[in-house]
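S.K.: To convert, note that position 70 of the first sequence is 69 in numbering that gives the first Met the number 0; the numbers rise steadily by one, no gaps. Note that the Cβ used here is the ideal one computed from N, Cα and C, for glycine as well. What follows is a structure written as structure tokens; I'll ask about it next.
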Amino acid sequence: MDKNLPKTYAPKEFEDRIYQTWEDSGAFHADVNSEKTPYTIVMPPPNITGQLHMGHALDHTIQDVLTRWKRMAGFDALWLPGTDHASIATEVRVADKLRVEEGITKEELGREEFLKRAWAWKETYGGKITEQCRKLGDSCDWKRERFTMDEGCNRAVTEFFVQLYEKGMIYKGNRIINWCPSCGTSLSDAEVEHDDKKGKYYYIRYPGSDGGPGLVVATSRPETMFGDVAVAVNPDDARYRDLIGKTVILPLIDREIPVIADPYPDMEKGTGAVKITPAHDPNDFEVGCRHDLPSPSCIEEDATMNDLAGKYSGLDRYACRKAWIADLDAAGFLEKIEEMVIPIGECYRCHDVVEPMLSEQWFVHMDELAKPAIAAVEKGEVRFVPARFEKIYLHWLEEIRDWCISRQLWWGHRIPAYYCQDCGEMTVARKQPDVCPACRSSQIVQDEDVLDTWFSSALWTFSTLGWPERTEDLARYHPTDVLVTGYDIIFFWVVRMVFSAYAMMDEEPFRYVYVHGLVRDGDGRKMSKSLGNGVDPLEIIDQYGADALRFMLSTGISPGNDLRFTMDRLESCRNFANKLWNASRFVIMNLNEGGDSTLYAPGAPLPDELTLADRWILDRIRQAVIEATANMEKFELALAGQKVYELIWNEYCDWYIELVKTRLYGDDEADKERVRRILVRGLREMLSLLHPFMPFITEEIWSHLPGSDMLLIRAAWPKAEALPADPAATRQMELAMDIIRSIRNIRAEAEAQPSQKLRVLLVAETAVLNNIRLCETHIRDLGNVVDIHYLNDKTEVPEAVMTGVVDQVEIFVPLDDLIDFKAEAVRLEKESGRLSGEINRLGIKLANTAFTSKAPAAVVQAERDKLDKYQEMLDKVAERLLLVRQKLENETRSDI
RNA sequence: GGGCGCAUAGCUCAGCUGGGAGAGCACUUGCCUUACAAGCAAGGGGUCAUAGGUUCAAGUCCUAUUGCGCCCACCA
């Protein structure tokens, strides 16, 4: 038999050891040959850019709670871990490191050498991340750990690309894309963040070629004028009708451009005349296409002006803007400047202002791919929790435009397109061709670009299970059951996983998407590096233990909503762990060391004889099992956790342990053994219910219970049927508890010492009294009462008493010298007021025939019962109040 | 321009299908009672943002308003 627990709860002493035990035991490993039903979650792969933050801790805690719960509930639970190469983010980090540590740029280092550095980075940080997962207690299957750039994922990415290309869903085209000058790459629409910024509209005159006044255009980006090829006006716009077909002159540039009619200009906006710059604006590009206009670029990839900008060539776009406007103004072409709020697109990684640019890139056609992804949610094959995210998802997919997937980066999956250097033929293939299929030349080079990092994570649910091979894992574990992720990456990732799975697997990637919010700091601000308000989960674990952190993260949430991280809440969770620790210590230290440990083993039969308190706590646990399980099924983890918290603290610790102490310290050996068995049984059920939330402490305590022949992680989730239902015991126990509370209240109000033993008189009908007699020892023990008198009427009740009323029972506590009748009167008045209020409310309700005729009979009856009960109580309180008042009057008189 | 969320005790937040307002922290009072002061016991504190509506019954459903926050949107 194990020794008792150490005196203080010190999670650091056992968390790492427990984790090692789990991992060594193989409990995390899902068995492809298992008879059990599979349950699968794939971990959203953390970026290898750094270390885990509080958002990961939240994300992982939810997944681990679900995984551990399902594992206990009899499923073959697979939580598949992995990491993401995070193309652009990692490349920026590695380049920064190069600059800082070696003072060189990635270009100076060269592609091949740079990739070596990136792989070294991956080894370091990838390893750190998996270590952190272990600290959190993640019960994931490390034998199946994956990386988005491992061999299998690479194969999957190539296969995906080639198949889409062959179906005509991937194409290379010259289009307007989002360009991040500072990252030096194109971005997808999802990677651009829009923000309203203060800006200016510049009203600039384009004089007519015929010497006429021409027209005025408004622009927020005057530096793009060098790329202007036309001015468009709405054909219905009377102001410009005469100018259509004529030309105007670009001021100072002295280039003639036509005025064209196009439905695009909105007559209400600006001046109604729009400068057309096809190379730097997607709308203008379309207008340009419609009118067969050229599309000259004037801004380079590094956001400097090119030769088209004449004397401004080489200037940064904003420097150019400033000089150009000054020159226009000096020459009299600047009509006015208007302050405006302008939506600006920024790179989601570096927040540089994105420049729309004409560029040749690879794109995925979205129209066809989006259809099954939309249908999936509409038909309910994929469901969001909470459901409101379905609308957001659908809206985004319905408006989706083609996905730009090529990136001008090195770290990532290189596009499997090959070019013949002799004839220029392009081949898209799974392997580099030896010779050009067109001209047989062997001078073949691969496309320089890599793929959007989300292109590989889109395949995550099936690439990690072996696709494109038809593996047993893939057959068994796909589609996965739940995807757990933050609402901030629904567009980046969730949407793309859904359409990718339908395209390649012809099925949904997961059945549920559990969406959680962001972790914010105590002031509600988003945790971020730049604000420096981030809290490191590892430091928290070090100080408070992983269980406290996990409990805070899993019970402080409601699906889809953000969560504030406060030390107060963390401490209260740690205190809860401490409470459980001490209660368990109490139980273990009271066990019979020489006893038969099979009586304490999981699943051991309950004793034949059960006391009222035993039946009560078993019924309460049973109820908690039912409710917590129902909550878990509905993804209401926080409610489930809260129920278990209340069961452990408010019922098991506060009442049951206190109720059984006298039995435990008594001489009846058989009864002592019965109590111990119930204590252990109850504790085991509670440890099981709590284990998904607080795995470490529950496993540690479990291991100290005699008869624990297997790890808690493998134990069965509690079943309500295994526990006796006993609502009658619960009702009776609750009456006893109310009486005890009432006595304690009287004691406190009278300012009697807690140690002072009280005498109590209980007045009620005989039947009620007989019921109470069954709880007499409890009332004595917990009310600290020496003597209980049962009476049918009040004739023998002395005058100097304080009173309480619980249901049909009147409680009198004689406290001769301690009674302050004034205070007693105030107390009774308060009680009387409360009861009168209730009676009044119920009376009105029951007098209303609309209520009595339309409300369900059970509801009406319940209200009647309540009214009777309160009326009875009020009568007693009023009677007593009258007596106390008389007493006060007498005192006043005698004072006179 | 479109959409969404939040508004409940001093603070942070629960409250799932409508049927007597909850938790944690903070506060007051009394307790180092042999599991636990990271604790025990007893308390105080809320016209559930505002205005309408549906209903026998609304914190809960509907509409509008106000305030805060978020997302989407091709920067004339």
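Can you have a look at Lys642 and say buried or exposed, based on whether 16 or more other CB atoms are within 10 angstroms of its CB?
M.R.: In the first sequence, counting from the first residue as 1, residue 642 sits at position 643. Buried, by the Cβ-count rule.
S.K.: Answer yes or no: do His412 and Val228 have a C-beta to C-beta separation smaller than 8 Å?
M.R.: In the first sequence, the residue the question calls residue 412 occupies position 413. In the first sequence, the residue the question calls residue 228 occupies position 229. Their beta carbons are not under 8 Å apart, which means His412 does not touch Val228 by this criterion.
S.K.: Would you mind sorting Tyr651 into buried or exposed? The rule is 16 or more other CB atoms within 10 Å of its CB.
M.R.: Mapped onto the first sequence, residue 651 falls at position 652. When all chains shown are included, Tyr651 counts as buried.
S.K.: Restricting to Cα atoms, I'd like to know which of Ser86, Ala117, Val812 and Lys121 is closest to Leu408.
M.R.: The residue given as residue 408 occupies position 409 in the first sequence. With distances taken between Cα atoms, Leu408 lies closest to Ser86.
S.K.: Tell me which same chain residues have a C-beta within less than 7 Å of the C-beta of Pro180, skipping the five on either side of it?
M.R.: By one-based count along the first sequence, residue 180 stands at place 181. Taken in chain order, the residues that qualify are Glu300, Asp301, Ala302, Asp351 and Glu354.
S.K.: Quick one: using the 10 Å Cβ neighbour count with 16 as the cut-off for buried, is Met42 buried or exposed?
M.R.: Mapped onto the first sequence, residue 42 falls at position 43. Result: buried.
S.K.: Can you list, in chain order, the stretches of the alpha helix (DSSP H) that have 4 or more residues and sit fully within the stretch 242–295?
M.R.: Complete alpha helix (DSSP H) runs here, min 4: 281–289.
S.K.: Leu65: which of Tyr513, Ile243 and Tyr418 sits nearest, CA to CA?
M.R.: Here residue 65 refers to the residue found at position 66 when the first sequence is read from its first residue. Of Tyr513, Ile243 and Tyr418, the residue nearest in Cα terms is Tyr513.
S.K.: How many Å lie between Asp815 and Leu579 at the Cα?
M.R.: As a working mapping, residue 815 is identified with position 816 in the first sequence. As a working mapping, residue 579 is identified with position 580 in the first sequence. Each residue's alpha carbon lies about 41 Å from the other.
S.K.: Under three-state DSSP, which class holds Lys11?
M.R.: Locating residue 11 in the first sequence gives position 12, where the first residue counts as 1. Correct three-state label for Lys11: helix.
S.K.: Find the nearest neighbour of Ala502 within the set Asn847, Leu458 and Glu538, judged by alpha-carbon distance.
M.R.: Position 503 of the first sequence, counted from the start, is the residue given in the question as residue 502. Closest by alpha carbon: Leu458.
S.K.: Ignore the nearest five residues each way along the sequence and tell me which others in Leu617's own chain have a CB closer than 6 Å to its CB.
M.R.: For the purposes of this step, residue 617 is taken as the residue at position 618 of the first sequence. Cβ neighbours of Leu617 beyond the five flanking positions: Leu722 and Pro723.
S.K.: What residue does the alpha helix (DSSP H) around Phe509 start on, and which one ends it?
M.R.: Here residue 509 refers to the residue found at position 510 of the first sequence. Element bounds for Phe509: not the alpha helix (DSSP H) but the beta strand (DSSP E), Phe509 to His515.
S.K.: Quick one: residues in its chain with C-beta nearer than 8 Å to the C-beta of Ala582, no 5 flanking neighbours on either side, listed in chain order?
M.R.: As a position in the first sequence, residue 582 is number 583, starting the count at 1. Cβ neighbours of Ala582 beyond the five flanking positions: Ile647, Tyr651, Cys652, Ile656 and Leu682.
S.K.: Short check: CB of Val247 to CB of Gly269, under 8 Å?
M.R.: Translated into positions along the first sequence, residue 247 becomes position 248. Translated into positions along the first sequence, residue 269 becomes position 270. For Val247 and Gly269, no; Cβs fall outside 8 Å.
S.K.: Ignore the nearest five residues each way along the sequence and tell me which others in Asp1's own chain have a CB closer than 6 Å to its CB.
M.R.: Translated into the one-based positions of the first sequence, residue 1 becomes position 2. Its pLDDT being 49, under 50, Asp1 is placed unreliably in this model, and the coordinates cannot settle the point.
S.K.: Out of Cys182, Lys196, Gly81 and Glu165, state which residue places its alpha-carbon closest to the alpha-carbon of Asp95.
M.R.: Numbered from its first residue, the first sequence carries residue 95 at position 96. Comparing Cα positions, the closest option is Cys182.
S.K.: Is it buried or exposed for Asp306, if we count other Cβ within 10 angstroms and need 16 for buried?
M.R.: The residue you call residue 306 lines up with position 307 of the first sequence. The residue in question, Asp306, is exposed, as its Cβ has fewer than 16 Cβ neighbours within 10 Å.
S.K.: Under 8 Å Cβ to Cβ from Ile373, same chain only, skipping five residues before and after it: list those, please.
M.R.: Locating residue 373 in the first sequence gives position 374, counting from the first residue. Around Ile373: Leu393, Leu396 and Glu397.
S.K.: Kindly provide the ranges of any alpha helix (DSSP H) runs that are 4 or more residues long and lie completely inside the stretch 98–137, ordered along the chain.
M.R.: Correct list: 105–108 and 110–135.
S.K.: Look at Asp541 and Ile696 and say whether their C-beta atoms are less than 8 Å apart.
M.R.: Stepping through the first sequence from its first residue, residue 541 is reached at position 542. Stepping through the first sequence from its first residue, residue 696 is reached at position 697. Cβ atoms of Asp541 and Ile696: not closer than 8 Å.
S.K.: Determine the closest residue to Gly836 out of Thr565, Tyr869, Asp535 and Cys346, with distance taken between C-alpha atoms.
M.R.: Position 837 of the first sequence, counted from the start, is the residue given in the question as residue 836. When each option's Cα is compared against that of Gly836, the closest is Tyr869.
S.K.: Count the other C-beta atoms from every protein chain shown that fall within 10 angstroms of the C-beta of Cys132, then say buried if there are 16 or more, exposed otherwise.
M.R.: Taking the first sequence and counting its residues from 1, one reaches residue 132 at position 133. Cys132 comes out buried.
S.K.: Tell me which residue opens and which closes the alpha helix (DSSP H) that Ile745 is part of.
M.R.: Counting from one through the first sequence, the residue named residue 745 turns up at place 746. Pro726 to Glu748 is the extent of the alpha helix (DSSP H) around Ile745.
S.K.: In whole angstroms, what is the alpha-carbon distance linking Val427 and Val434?
M.R.: Taking the first sequence and counting its residues from 1, one reaches residue 427 at position 428. Taking the first sequence and counting its residues from 1, one reaches residue 434 at position 435. Distance between the alpha carbons of Val427 and Val434: 13 Å.
S.K.: Per DSSP, what kind of secondary structure is Asn177 in: helix, strand or coil?
M.R.: Translated into the one-based positions of the first sequence, residue 177 becomes position 178. Correct three-state label for Asn177: strand.
S.K.: Look at the alpha carbon of Phe13 and the alpha carbon of Asp23, and state the distance between them as a whole number of angstroms.
M.R.: By one-based count along the first sequence, residue 13 stands at place 14. By one-based count along the first sequence, residue 23 stands at place 24. Taking the straight line joining both Cα atoms gives about 15 Å.
S.K.: State the DSSP-derived secondary structure class of Ala76, mapped to helix, strand or coil.
M.R.: Counting from one through the first sequence, the residue named residue 76 turns up at place 77. Ala76: strand per DSSP, three-state reduction.
S.K.: Could you check the C-alpha separation between Ala437 and Tyr417 for me, to the nearest Å?
M.R.: Working through the first sequence from its first residue, we reach residue 437 at position 438. Working through the first sequence from its first residue, we reach residue 417 at position 418. Going by the C-alpha atoms only, they are around 12 Å apart.
S.K.: Using CA coordinates, which residue listed in Val784, Leu249 and Ile243 is at the minimum distance from Glu222?
M.R.: Counted from its first residue, the first sequence places residue 222 at position 223. Glu222 has its Cα closest to that of Leu249, out of Val784, Leu249 and Ile243.
S.K.: Span of the alpha helix (DSSP H) holding Thr765?
M.R.: The sequence position of residue 765 within the first sequence is 766, counting from 1. Thr765 to Arg772 is the span of the alpha helix (DSSP H), which, as asked, contains Thr765.
S.K.: Out of Tyr317, Gly544, Lys166 and Gly593, which has the shortest C-alpha to C-alpha gap to Phe575?
M.R.: Position 576 of the first sequence, counted from the start, is the residue given in the question as residue 575. If we check each option's Cα against that of Phe575, Gly544 comes out closest.
S.K.: Quick check: the Cα distance between Trp21 and Arg98, rounded to an integer number of angstroms?
M.R.: The residue labelled residue 21 in the question sits at position 22 within the first sequence. The residue labelled residue 98 in the question sits at position 99 within the first sequence. Answer to the nearest angstrom: the Cα atoms are 43 Å apart.
S.K.: Can you tell me the Cβ-Cβ gap for Leu450 and Asp487, rounded? I've got them flagged as a contact below 8 Å.
M.R.: As a first step, residue 450 must be located in the first sequence, where it is residue number 451. As a first step, residue 487 must be located in the first sequence, where it is residue number 488. The Cβ separation is near 22 Å, so there is no contact.
S.K.: Out of Pro694, Ile818 and Tyr200, point me to the one whose CA is closest to Ala749's CA.
M.R.: Residue numbering aside, residue 749 sits at position 750 when the first sequence is read from its first letter. Ranking Pro694, Ile818 and Tyr200 by Cα distance to Ala749 puts Ile818 first.
S.K.: Run through DSSP, which three-state label would Met0 get?
M.R.: Your numbering for residue 0 matches position 1 in the first sequence. For Met0, the pLDDT reaches just 41, beneath the cut-off of 50, and the residue's location in the model is therefore unreliable, leaving the point undetermined.
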